[in-house]
Structures are given as structure tokens and as C-alpha cells.
Amino acid sequence: MSLILILEQILNGLQFGVMLFLMAAGLTLVFGVMGLINLAHGALYMVGAFAAAIVAAWTGSFVLALVASLAAAAAAGALVELLVIRKLYDRDHLDQVLATFALILIFSEGTRWVFGSFPLFLDVPSYLSGPISLPGGIEYPLYRLTIIAIGLVVAAGLFWLIARTRIGIQIRAGESDREMIAALGVDISKLYTLVFALGAALAGLAGALVGAIQSVQVGMGEPVLILAFVVIVIGGIGSIKGAMVGALLVGLTDTLGGVFLPQLFGLFMEPASATSVGASLASMLIYILMAAILLVRPSGLYGGQH
726 MSLILILEQI LNGLQFGVML FLMAAGLTLV FGVMGLINLA HGALYMVGAF
776 AAAIVAAWTG SFVLALVASL AAAAAAGALV ELLVIRKLYD RDHLDQVLAT
826 FALILIFSEG TRWVFGSFPL FLDVPSYLSG PISLPGGIEY PLYRLTIIAI
876 GLVVAAGLFW LIARTRIGIQ IRAGESDREM IAALGVDISK LYTLVFALGA
926 ALAGLAGALV GAIQSVQVGM GEPVLILAFV VIVIGGIGSI KGAMVGALLV
976 GLTDTLGGVF LPQLFGLFME PASATSVGAS LASMLIYILM AAILLVRPSG
1026 LYGGQH
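Written as C-alpha cells, this is what we have:
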């Protein structure tokens, strides 16, 4: 097991973690501010990926594709909030789960009806393709490094938005006491629409970025949504800092476990058995990590903090 392999897998884990952060940040904002369980968040991830693939095919511009993913997912999120979600704030969580699960089916079947069942492909632009040489003799894909950089820039911007702007103050206040900020003259309905659209835009951006690595297809957001829920439980509901730390922990745990556990079991088992056992245990690692953290900190690592 070489040092270069370990460093490459750490970078893969960071890239996966950054993508999960883009998903989990919007999800934790919506749940923390609105108290809403949104199972349809993965559908907005899919909307962003499809919008990016279509615009890239039409224009040949990857930058315009990313802009389209943000705009399409934000617009879809705002529309969903206005037409459906707004009626669920005073309902119990079971009603929210059922309604947003219905939205998953609507988005999935609507996307299949418009684009068909076959996957679309979003090509990595030529100026981001190929490997780049890093210290230590590591050859790593430039596009994956770009995803890490974009995620870190978005994270910094989100931290600044929440901590330093008037909107951020309103978002934090809305999480603590929505009745009080409404009494102070803040239009809580507009604030909720803005938060939901922001979360949707982040999910759409994540879908577009990953769409150039994987195929763009119906239902692609649901597996990522499950991991995003794990991230916000680990990090603490409502915490952007927790979403970042939780996403990096999950990304590194999932990536390193999937690569190195089969090799570890291969030291004392047959290769076929080692691969099977190692892969099975690797898929459980993030849930073991979540359980261990919740035993020590039931509210997550940064529960109640931004």
C-alpha cells in the first residue's frame, strides 16, 4: 500500500465530502430554519444535473451549464415552496414526509416523461480535463480538484452569508424564534422561499458537478440524499459548520473504507471473500460512525451552532 495511493484516496474522499456538503448545507438550512423534513431535496439535485446536461449540449459551455443548474434548481425549489411546502409548515412531520415523497415521484416521472429513461452525459470541458501534477509525484484529475475548490469557495461564501449579512441574521433568528422576527417586521414567507431556493440551488450545483463524473439519470439524487441526512445528523441539524465537518467525515470514511478494507481483509482471507466482506463492512462504516458520534453527542457534533 503506497503513500501515493493513500493520498489519492484522501483527495477522492475530500471531493466526495465537498459534494455531500453542497447537498447537506441546503438540507440542514431548510430543516433548521423551517423545521421541515424535505425528502424531495434529492430531486432538486437531479434537476440541476439535467439542466446542466441540456444547456451544455445546446451551448457547449460548461460555465453556462453550471449557471443553468443553479437557476433551474433554485426556480424549481421556489416553485415547490410556494405551491406545496408553504402548506406544510404547521403540519406534523408525517404529513411533510408523505408530501415530499410524493414530490419525488412527480419529479422522477416528469423527468422521465420529458427526457426519457436513458441517461444523459455531461462532458468535462477540455480546459479541466486530464491530470495535474501535485507534490509527491501524485497525478490527480484536474476536474476533481476543481470540484474541491468550488465546494470550499461555496462553503466560505455560505459561512459569510450566515454570519455577516442581514439575511444571515434573519435566517439565524428564524431558526430560534420565527414568531418574534415576524413581529419585528420580517416577511417570514419571503425568507422561507429564499432559504428553500438557496438550498435547492446548492443541491442543483452538486448535481451538475457530479454529472460530469457520473451519468445524469432519473433517480440519481436519492442515494445522495440518504448520505446527506447522515451528514446533518453527524454534524448537527441547523449547523453549516456541522454540515461541512460531517460531510468531510462521511466522504473520507466511505472512500477510504471502500478502498482499504478489502485490502486489509485480503491479508488473512481469500481474495474473493476479502472483497465481499470488506465491501460489505465498508458500506456500513458511515452508519457505525454516525451511531458512535450520537452515543457521545446526541445532538451531533455542532448541534445548535451555525
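In the numbering used here, the protein residues as written are 726 to 1031.
Here a beta-carbon is modelled for each residue, glycine too, at the ideal position from N, C-alpha and C.
**Study point:** Close Cβ partners of A750 (< 7 Å) along its chain, the five nearest in sequence each way excluded
**Key:** L883, L927, I965, A968
Practice item. Within its chain, find whatever has a CB closer than 7 Å to the CB of L732; leave out the 5 residues flanking it on each side and keep chain order. Key: G861, I863
Review point. For G929, which of A800, P856, G757 has the nearest alpha-carbon?
Key: A800
Exercise for review: Identify every residue that forms a DSSP beta bridge with V941.
Suggested key: L845
Exercise for review: Classify I729 as helix, strand or coil using the three-state DSSP reduction.
Suggested key: helix
Exercise for review: Check Y868 in the structure and name its three-state DSSP category.
Suggested key: helix
Check your understanding: Taking one C-beta from the segment 774–785 and one from the segment 950–964 each time, how about it: are there three or more such pairs within less than 8 Å?
Key -> no
**Study point:** Unbroken stretches of the beta strand (DSSP E), 3 residues or longer, contained in the segment 780–815
**Key:** none
Review point. Can we say the segment 797–812 touches the segment 729–749, given the rule of at least three CB pairs closer than 8 Å?
Key: no
Exercise for review: Could you check what DSSP says for P856 in three-state terms: helix, strand or coil?
Suggested key: strand
**Study point:** Reference V772, options L754, A874, V935, R897, closest by Cα
**Key:** V935
Practice item. Let me know the secondary structure DSSP gives I762 once reduced to three states. Key: coil
Exercise for review: Could you check if P856 is buried or exposed, using at least 16 other CB atoms within 10 Å of its CB as the buried criterion?
Suggested key: exposed
Review point. Based on the DSSP output, what are the partners of I863 in its beta bridges?
Key: L859
Point to revise | Under 7 Å between C-beta atoms of G924 and V792 | key: no
Review point. Alpha carbon to alpha carbon, how far is A765 from M994?
Key: 42 Å
Check your understanding: So S833 packs on G910, CB below 8 Å; how close in whole Å?
Key -> Their Cβ separation, rounded to whole angstroms, is 40 Å, which puts S833 and G910 out of contact at 8 Å.
Exercise for review: Classify G835 as helix, strand or coil using the three-state DSSP reduction.
Suggested key: helix
Practice item. Measure the beta-carbon distance from A933 to S794 and round it to whole angstroms, keeping in mind my assumption that it falls under 8 Å. Key: 3 Å
Check your understanding: From L1014, I913, F985, pick the residue whose C-alpha is nearest to that of S1001; which is it?
Key -> F985
Check your understanding: Got a sec? Which residues, its chain only, sit under 7 Å from A796 by beta carbon, not counting five neighbours each side?
Key -> none
**Study point:** Residue range of the alpha helix (DSSP H) that includes F921
**Key:** 913–936
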